[in-house]
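Asks: Each residue of the sequence shown is one higher than the one before, counting from 2 in this note's numbering.
Note that the Cβ used here is the ideal one computed from N, Cα and C, for glycine as well.
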Amino acid sequence: MASISRSLIVARASSKEGWDQICGDLSASLGPKDRVLLIAGDGVAPKQMPSWLTVSVDPSDLVDAILQSAAAASAETIILLSPGVSGRGHWLSLLAADLRCLPRLGVVAPRSPSADAGQWVYLTSPELLSRRDFRAQLSRGWEKGYQRMLTREGALTGACLAIRASDFEELCAANSSEPSLGAVDSGWSALVERILENSWNSGGLYVSHASLVYSYGPIYTAKVFGAIADSDVEFPLLSASLIVKDEELDIERCLLSLKGIADEIVVYDTGSTDRTIEIAESCGALVIRGYWDDDFGAARNRALKHCRGRWVIWVDADEVVSADPERLRWFLADPSLLSEMLRVKIRNFVGTVISKSVTHTAMRVFRRTEGAFTGALHERVVRRATVPGLHPVPATGDCSELVLDHYGYLKETVEAKEKVTRNTNLAQKNHHVDTECDAIIQQARTHMMAGELDQAIELIDANFDKFATQFHQLTAITVIFQALLVRGRYEEAEGWLGTLEEFDTSQLKLISYRAQLAQARGNWAQAIELYNLLPEFQIADDGVEISRGYHATDMALCFSSIGDNRRAAITLLENMRERGTLDLHVGVLVELMQTGGVPMEELGSAIPAENEQYFYAQFLQIPTERAEVALDGLYLSGTLAQSGLLVASMVAAKAGTGRALEWSIRLRNVGLVSFCPLLSIARGTDQPPSVRVEAAAICAAAFSDPAAESLVAELLVDLAADEEVRSKVQTYAPHLLSLA
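(1) Which residues mark the beginning and the end of the beta strand (DSSP E) in which LEU39 is found?
(2) Grab the span of the beta strand (DSSP E) containing ILE512 for me, first residue to last.
(3) Look at ILE244 and ALA304 and say whether their C-beta atoms are less than 9 Å apart.
(4) If SER209 and LEU93 are in contact, beta carbons under 8 Å, what's the gap, nearest whole angstrom?
(5) From what residue to what residue does the alpha helix (DSSP H) around ALA97 run?
(6) With a CB to CB cut of under 6 Å and the five nearest residues on each side skipped, what residues in its chain are close to GLU248?
(7) Who are the Cβ neighbours of ASN576 in its own chain at under 6 Å, not counting the five residues just before and after it?
(8) Looking at the strands, I want to know which residues DSSP matches up with GLY372.
(9) Since I believe ALA66 is in contact with THR78 (beta carbons under 8 Å), could you give me their beta-carbon distance rounded to a whole number of angstroms?
(10) For LEU673 versus ALA697, is the C-beta spacing smaller than 9 Å?
(11) Among LYS17, VAL108, ARG105 and LEU129, which has the Cα closest to the Cα of SER115?
(12) Buried or exposed: TRP20, going by 16 or more other Cβ atoms within 10 Å of its Cβ?
(13) Are the beta-carbon atoms of PHE676 and GLY645 separated by less than 9 Å?
(14) Does chain C have any CB closer than 9 Å to the CB of LEU68?
(15) Within 8 Å: the Cβ of GLY598 and any heavy atom of the ligand MG?
(16) For the candidate residues VAL214, GLY605, MET450 and MET594, whose alpha-carbon lies nearest to that of LYS91?
(17) For the beta strand (DSSP E) containing HIS210, list its first residue and its last residue.
(18) For LEU100 versus ILE164, is the C-beta distance shorter than 9 Å?
(19) For the stretch 279 to 286 and the stretch 335 to 343, state whether three or more C-beta atom pairs, one from each stretch, are separated by less than 8 Å.
(20) Beta-carbon within less than 8 Å of GLU194's beta-carbon, same chain only, minus the 5 sequence neighbours each way: which residues are those?
(21) CA-CA distance, VAL122 and ARG112?
(22) How many whole angstroms separate the CB atoms of ASN302 and PHE374, which I take to be in contact at a CB cut-off of 8 Å?
(23) Near LEU162, which residues of its chain fall below 8 Å by C-beta distance, leaving aside the five closest residues on each side in sequence?
(24) Taking C-alpha atoms, which residue in PRO609, VAL730, VAL718 and PHE704 lies nearest to VAL692?
(25) Report yes if the CB atom of LEU333 is closer than 9 Å to the CB atom of LEU391, and no otherwise.
(26) Would you call GLN49 buried or exposed, if buried means 16 or more other Cβ atoms sit within 10 Å of its Cβ?
(27) Would you decide whether SER87 is buried or exposed? Buried here means 16 or more other CB atoms lie within 10 Å of its CB.
(28) Measuring alpha carbon to alpha carbon, tell me which of ILE478, ASN524, VAL487 and ALA263 ends up nearest GLU503.
(29) Starting from ILE164, trace the alpha helix (DSSP H) in both directions and tell me its first and last residue.
(30) For PRO326, which residues from the same chain have a beta carbon less than 7 Å from its beta carbon, with the 5 sequence-adjacent residues on both sides left out?
(31) Could you check the C-alpha separation between LEU518 and TYR532 for me, to the nearest Å?
(32) Between the Cα of SER75 and those of SER167, ARG141, ASP723 and THR360, spot the shortest distance and give me the residue it belongs to.
(33) In whole angstroms, what is the alpha-carbon distance linking GLU493 and LEU511?
(34) Can you give the Cα-Cα distance for ALA363 and THR274, rounded to whole angstroms?
(35) Is GLU39 buried or exposed, if buried means 16 or more other CB atoms sit within 10 Å of its CB?
(36) Fully enclosed by the stretch 567 to 636, which beta strand (DSSP E) runs are 3 residues long or longer?
Okay, here's the thing in structure tokens:
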């Protein structure tokens, strides 16, 4: 490949052997118009110099020597190669090409296994670099896997720098307090550091991920200048990537949660027929109108092609991102962060909005240069390039600054999107596109979601010996144990606990499953004892949460089963405060509190404000007397939210005119006149006339409400002969009898 620009490569060598080694690599990388300037000590230069080589022996002015050679070569680009650094293949032309994309006074450096920070390359063994055949193989594979990727960085090594020839003199300029460059050895380091400093303060520091060099000698440590956490249109820090179809109910909530966190949002639409695209565009997302081919991994890779950030977070439309934007961005921008992929906590809400969440960790944030997707159904991020010697598993870390709330497993969402049918088809397809172990587990999980428990049991039982990793073993045991438990096959479930003990190094799952088995068998006290052995919160060996909080409902049911309703209620209330969820109907909790002597104000303080409407709505499904007593207790304790007041207005309308009057006073005192329960009763055509007129008369007498007076008059005219109606008016509002 010919170089796209005229480049001057400035190299240094401290020995004849070192130069011969570098020269052999350079000669194969040069374009026809590229030239090399060798900065060398006496006796280092080769005896027979090729036409592309100029030697400068211990120049007194390093910058001037470089500028003169660049002018003589009509160079557009100057490449500084520190001692021992070289490359093979097309590294030079790729580096020069990326330099042309930078702003003025910007410098760019290649990737290198001999560097750290954003230039780092994660090899299986650094010793591989000593093999010439490996270096050639690595360079060839690298160019195929890393094409035209350029990122702005806050740290850079001086191992190799590409600079525009027109910028070189300005970037080499010293301020008044800096010393002269001095001798070649010390002067080279000072020159490189000065160029980096000046570029950081002007055009910026960049890494060309397609270009790769290595060092025969030292490992180069990056100089850290700072974290680039501010939003950058040209070189974003973080891209958010989604694939969607018909997500108009969820997508706005998801995209709004990304505001201030992601620099750009890329939405790949696979054929929506609703308002998804319109909503996404109104939220500022870049929408790609794409297609669907029954492969989530392939669709995500198509979305990824449109992302430009240093980091990518991939989310679904039914997820909400929770993070402090400033803390998260500073974390991702940290130049010392070597992780290539990051695990985050995902809280999966199941059942209803207020039901319990299942927390697990998963790789959801990754360096765009390193990650790509695989898997038709349960897609996951893998290393983008399959280069021999490159570590197959990306360097992973944890990102505690970010949590995802996933609502896709809520009952109504699963039913609306027909997830079970879709997942069954894709799980079968996964047998052809994913590892066999992953495909078996995904198929078994899909059987579980469809209620096909026996099929899930048979599939895991027949294939368990194929699972070689701890993750696959623990996941498979989880699937078969839960299926056996639901089917009531307790002896078989206990047998699998013996297998679990062998693979569960933390023993947390073993304790949890023993507790669940004891509970299923009715051994309540034993189950409580085992649940109490679980930690407050911990991620087990398979990445899934194990905690007492997750089993709060199970513990509460056990307490209730042994007659301790007070402890049962307290357990549920504590979990509501900590996690904001309740996996039982509110009516069950209210009954436990009332029979266990727990003050109702404890419930009011535990209901999470963000989901209070879902909690209070369930009061409408509780027997009226119990619901009204509970709501009254909440009101008197001062913990009844406004949405609770609105629910109370509907409950009170069914609780008789006495209680309706009390709630009418309360609602009117806060300006909610239209929700007056007495008016609701009076307007209810399903009520007996005597009940309607009684409510209207009480309302008219208590509040002088014109609407109530009008209803009294209407009923008196329509039912003039009804003595009971007239009697009610006479009792509560005799001054209105004249309206008849």
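Replies: Let me lay it out:
(1) Going by DSSP, LEU39 is part of the beta strand (DSSP E) stretching over 36 to 41.
(2) Looking at the DSSP string, ILE512 is not in any beta strand (DSSP E); the run it does join, the alpha helix (DSSP H), is 509 to 521.
(3) Their beta carbons are under 9 Å apart, which means ILE244 touches ALA304 by this criterion.
(4) Rounded to the nearest angstrom, the Cβ distance from SER209 to LEU93 is 11 Å, too far for a contact under 8 Å.
(5) For ALA97, the uninterrupted alpha helix (DSSP H) segment begins and ends at 92 to 100.
(6) Contacts found: THR277 and ALA318.
(7) Excluding positions up to five away in sequence, the list reads GLY550 and ALA553.
(8) According to DSSP, which records beta bridges pairwise, GLY372 is partnered with ARG384.
(9) Rounded to whole angstroms, the Cβ separation of THR78 and ALA66 is 17 Å, and the two are not in contact under 8 Å.
(10) The answer is no: Cβ separation not under 9 Å.
(11) The shortest Cα separation from SER115 among LYS17, VAL108, ARG105 and LEU129 belongs to LEU129.
(12) A residue is called buried once 16 or more other Cβ atoms fall within 10 Å of its Cβ, and TRP20 is buried on that count.
(13) It is not a contact, given that the beta carbons lie outside the stated cut-off.
(14) No chain C is part of this structure, which consists of one protein chain only.
(15) Inclusion of the ligand MG in the displayed structure is not the case, the ligand content being empty and no account of it being possible.
(16) With the sequence shown as reference, residue 91 is identified as His, and Lys is not the correct amino acid for it. Comparing alpha carbon positions, the residue from VAL214, GLY605, MET450 and MET594 closest to HIS91 is VAL214.
(17) Membership of HIS210 in the beta strand (DSSP E) is indicated by the continuous run 206 to 213.
(18) For the pair LEU100 and ILE164, the CB atoms are nearer than the 9 Å cut-off.
(19) No, they do not touch.
(20) Counting only Cβ-Cβ distances below 8 Å, and skipping sequence neighbours, we find GLY159 and LYS224.
(21) ARG112 has its alpha-carbon roughly 7 Å from the corresponding atom of VAL122.
(22) Between ASN302 and PHE374 a beta carbon distance of about 5 Å is seen, short of the 8 Å cut, so the two are scored as contacting.
(23) So the qualifying residues of the chain are ILE80, LEU81, VAL108, VAL109, ALA110, VAL193, ILE196 and LEU197.
(24) Comparing Cα positions, the closest option is VAL730.
(25) Using a Cβ distance threshold of 9 Å, LEU333 and LEU391 do not count as a contacting pair.
(26) By the 10 Å Cβ count, GLN49 comes out exposed.
(27) Flag for SER87 reads buried.
(28) Minimum Cα distance to GLU503 is reached at ILE478.
(29) Looking at the DSSP string, ILE164 is not in any alpha helix (DSSP H); the run it does join, the beta strand (DSSP E), is 161 to 165.
(30) Within the same chain, GLY261 and ILE262 come within 7 Å of PRO326 by CB-CB distance, once the 5 residues on both sides are set aside.
(31) Between the alpha carbons of LEU518 and TYR532 lies a gap of roughly 11 Å.
(32) Looking at the Cα atoms, SER167 is the closest of the given residues.
(33) Approximately 15 Å, taken between the alpha carbons.
(34) Going from the Cα of ALA363 to the Cα of THR274 covers about 31 Å.
(35) One detail in the question is off: residue 39 reads as Leu in this sequence, not Glu. That one is buried.
(36) Correct list: empty.
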